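Here the structure is laid out as structure tokens; the discussion comes afterwards.
There are 2 protein chains.
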Amino acid sequence: MDSDNDCGTGYDAFQRTCPSHAVLEMLASKWVYLVVCALRRGRMRNGELARRLEGITPKMLTQTLRILERDGLVRREIFPVIPPRVEYELTELGQNLAGLLTQIRSWSEEHVPDIKQARARAEANQKAELQAQA
Amino acid sequence: MDSDNDCGTGYDAFQRTCPSHAVLEMLASKWVYLVVCALRRGRMRNGELARRLEGITPKMLTQTLRILERDGLVRREIFPVIPPRVEYELTELGQNLAGLLTQIRSWSEEHVPDIKQARARAEANQKAELQAQA
DNA sequence: ATATATAGGTACCCCATGGATAGTGATAAT
DNA sequence: ATTATCACTATCCATGGGGTACCTATATAT
């Protein structure tokens, strides 16, 4: 019995074949993070998302939204008008997740200095080792 | 001023060139999630990790550990013995992050049924649309 | 003496995925 | 007539995630 492992759900993300492993894999994408975080503000159109997520290509945006829609995190609403109008919003499940993902995003922003420092130290160590070798 | 965006750090993960975007990208990896979660129990050896993370290849394990070490989330200790002995443990920064990542892992395990249901529904809708087309 | 096991990796290759660029369809504005 | 909008698709290319085989040095087994 791995007490810190199975949270009473019967699923274990450490097991390759466990469905929860696939869910974790789906979440492990920077665009999933950012799209879900962006939608926390409320419903948005494709173009709005594209402008907010600097650097995302139309392909990746659509792909990510399709995955999120398929997995029930995002709802897609089409208005049959010309030019087309499509809106996306988080489902209840999506909102539930968005809280966690926003925490990760905040963590990334808060700990930039720590990580910069660690990288600088790692680089210095690497150089020192090369010196020692020679 | 994007109030829900800049958390007073001056960093914004929505910006492609912001360092926090790169940090988020580093975190967006299933093996980073799982290695960090696994190390929450305490220091572990390479082999222990490999056994716990079912399906990870030696290459991916080493690669992930190197990234985590470089970024100051994991400490690596080598014992100069034969056969070799190397131990890994979370740094303070790593432990800080581990709490969040464990929440994501738990979420994955808890919401498997919801996502399964959403996928089934999506598949059904897709079939229905194919019918309508014909 | 030879073979095998252990531990913690590296070296090499493949292909799936991420990402860039261009195109589509229908209409309204200039 | 030409351009712009909007939400995508299609196509191509390159990176990097992932798998397999191999390496080092010793202790143990046969």
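Sequence order for the protein chains is A and B. Per the working numbering, the very first residue in the first sequence carries number 6; after that it's consecutive. Per the working numbering, the very first residue in the second sequence carries number 6; after that it's consecutive. Cβ coordinates follow ideal geometry from the N, Cα and C atoms, glycine included. Please read these numbers as outputs of a predicted model, since none were measured by experiment.
Assuming contact is defined by CB atoms lying nearer than 8 Å, are B:Arg45 and B:Leu95 in contact in what I supplied? yes
Which stretch, first to last residue, makes up the beta strand (DSSP E) that contains B:Arg80? 79 to 84
Under 8 Å between C-beta atoms of A:Tyr16 and B:Glu114: yes
Should A:Tyr38 be flagged as near chain B, meaning a C-beta pair shorter than 8 Å? yes
Rounding to the nearest angstrom, what Cα-Cα distance links B:Glu134 and B:Ala127 in this structure? 11 Å
Buried or exposed for A:Gly52, please, with buried defined as at least 16 other CB atoms from any protein chain shown within 10 angstroms of its CB. exposed
Selected residue, minimal CA-CA separation from A:Leu29, among B:Ser34, B:His26, B:Arg71: B:Ser34
Selection of the stretch 96 to 116 of chain B by Cβ proximity to chain A, strictly under 9 Å: Thr96, Leu98, Asn101, Leu102, Leu105, Leu106, Thr107, Gln108, Ile109, Arg110, Ser111, Trp112, Ser113, Glu114, Glu115, His116
Does the separation of the CB atoms of B:Leu58 and B:Leu66 fall below 8 Å? Taking a C-beta distance under 8 Å as the contact criterion, B:Leu58 and B:Leu66 qualify as a contact pair.
Can you check whether the CB of B:Leu98 is closer than 8 Å to the CB of B:Leu78? yes
Since A:Cys42 and A:Ala103 are thought to touch, with beta carbons under 8 Å apart, how far apart are those beta carbons, to the nearest angstrom? 7 Å
With a threshold of 8 Å between beta-carbons, can A:Gln20 be considered close to chain B, or not? yes
For the alpha helix (DSSP H) that B:Leu98 lies in, which residues bound it at each end? 97 to 115
Compare the Cα-Cα distances from B:Arg48 to each of B:Asn130, B:Ile120, B:Arg81 and report the closest residue. B:Arg81
Chain B residues whose Cβ lies nearer than 7 Å to that of A:Lys35: Leu29, Glu30, Ala33
Between A:Arg50 and A:Val86, which are expected to be in contact by the criterion C-beta below 8 Å, what is the C-beta distance as a whole number of angstroms? The Cβ separation is near 12 Å, so there is no contact.
At 8 Å on the CB atoms, spell out the chain B contacts of A:Thr14, in chain order. Near A:Thr14 (Cβ distances below 8 Å), the residues of chain B are Glu114, Glu115, Val117.
Got a sec, what are the start and stop residues for the alpha helix (DSSP H) A:Arg75 sits in? Looking at the DSSP string, the run of the alpha helix (DSSP H) that includes A:Arg75 is 63 to 75.
Report the CB separation of A:Pro24 from B:Lys121 in whole angstroms; it is logged as a contact under 8 Å. At roughly 7 Å, the Cβ-Cβ gap stays under 8 Å, so A:Pro24 and B:Lys121 are in contact.
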